[in-house]
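For the sequence shown, counting from 1, position 130 maps to 130 in this note's numbering; every step adds exactly one. Glycine is no exception: its CB is placed at the ideal position from the N, C-alpha and C atoms. This one's a predicted model, so the numbers in the text were calculated from it and none came from an experiment. Below is one structure; the comments refer to it alone.
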Amino acid sequence: MKKVWLDTDIGGDIDDALCLAYLLRQPACELVGLSTVGGEVEQRAMIADSICKVAGRHIPIFAGADRQLLPSDLYPTPGGAVNLSLFPHDTHFRKYEAVDRMRAAIRAHPHEISLVGIGHLTNIALLFSLDPEIPTLLKELFIMSGVFSEALEQSLNMPQDNWNAWVDPHAAAIVYHANVQHMKTFGLNVTTKLVLEKQEKEDLFHTDVMRAVESFGSPWLADHPMTFHDPLVAACLFEPDLCDYQRGHIEVDFKHEQKFGMMSFCERADGRHVIASAVDRTRFFEHYFSVVCG
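Right, dumping it as structure tokens:
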């Protein structure tokens, strides 16, 4: 049984909710806590709590950092919150509580907690800055971020598409400079292979939990495809062979405005960072469906 803490900006892209549904259904997962990050964090916590309640689970949930480390006009909001009235949820969440709770959980269970970061990394950077010993006390840190593809980096939507690093590059730089013994990163070069068309799994949203996921993700799905960025990160905690990997070193650009958040990877046998380099799409979806729909 793995002890997992999920740090998420749930409420926008549906993939965060798809990831949470997986962790709630994964029999080998003990979800010890969940924290929200990035604009209206209290409502994001309510969305997460709604999904957990539909699943019949009581998970400790804490609202985290509402703003980036440095002043920014960018303030993302959770579009999925428009459907909160459809589901029971607690409303007592307060901003900026998450870091203290994460710290307490990791210190109570040294070398046991797998921290999964699927939003921008402000909460985790604050945690590492507050208590520099914490990175050495984690079992592992799995992150959805980065591009790691020259072709994708030439896209007109870069660097913004690298959202989790671009929205708070200083936080990303702090996290990637920390002394975490086991860190894996899953970038767009791999996760963009996991687009699922509705006709490929028409019964995906037939359970109560998945209907809640679809409801909170409906504003996103109105204008975007469904891509399983974040669920891949969670699935690889339990089935690492779903991906191939490379070891090396990651640097995050936080100095040049046109490259904010760009993550460069240099392959090195002695590197501290591991990135996913390929994914078995068929095996991933078979695994995901077996857990969530089984």
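Practice task
Please determine, among V209, H206, L138, the residue with the shortest C-alpha to C-alpha distance to M183.
Solution key: Nearest C-alpha to M183: L138.
Problem - Cβ-based burial, Q258 [other Cβ within 10 Å; buried from 16] - result: Result: exposed.
Exercise for the section: Return the CA-CA distance between D131 and I124, expressed in angstroms with no decimal places. Expected result: CA-to-CA, the gap between D131 and I124 works out to about 11 Å.
Practice task
Determine the contact status of V41 and G64, defining contact as a CB-CB distance below 8 Å.
Solution key: Taking 8 Å as the cut-off, the Cβ atoms of V41 and G64 count as close.
Practice task
Classify D208 as buried or exposed, calling it buried when 16 or more other Cβ atoms lie within 10 Å of its own Cβ.
Solution key: Counting Cβ neighbours within 10 Å, D208 comes out exposed, since fewer than 16 surround it.
Problem - Option nearest H111 by Cα separation, candidates D90, A98, E133 - result: It is E133.
Problem - Alpha carbon of A212 to alpha carbon of A269, nearest angstrom - result: A212 and A269: Cα-Cα distance of roughly 44 Å.
Problem - the ligand GDP heavy atom lying under 7 Å from the CB of L188 - result: Here there are no bound small molecules, and the ligand GDP is not part of this structure.
Exercise for the section: Could you name each continuous alpha helix (DSSP H) segment of 4 residues or more that falls completely within the region 45 to 103, going from the start of the chain to the end? Expected result: The qualifying runs do not exist here; there are none.
Problem - Residue environment, A171, which counts as buried when at least 16 other CB atoms sit within 10 Å - result: Result: buried.
Problem - Helix, strand or coil at S277 according to DSSP, with G and I counted as helix - result: Three-state DSSP puts S277 in a strand.
Exercise for the section: Assuming W166 contacts F260 (C-beta within less than 8 Å), just tell me the rounded distance between them. Expected result: With 8 Å as the limit, W166 and F260 qualify as a contact, their Cβ atoms being about 6 Å apart.
Handout entry: C-beta contact flag for W5 and M144 at 8 Å
Key = Result no, Cβ atoms of W5 and M144 do not sit closer than 8 Å.
Handout entry: Span of the beta strand (DSSP E) around I250
Key = That run of the beta strand (DSSP E) goes 243 to 252.
Practice task
Given a cut-off of 8 Å, decide if H109 and K3 are closer than it, judged by their beta-carbon atoms.
Solution key: Cβ distance < 8 Å, so K3 and H109 count as in contact.
Practice task
Would you check if the region 28 to 35 and the region 177 to 193 touch, i.e. whether three or more CB-CB distances between them fall below 8 Å?
Solution key: In short, these stretches do not touch, since the Cβ pair count stays below three.
Handout entry: Contact check, A48 vs L23, beta carbons under 8 Å
Key = Contact flag unset, no.
Practice task
Assign V292 to one of three DSSP states: helix, strand, or coil.
Solution key: Here DSSP, grouped into helix, strand and coil, assigns V292 to helix.
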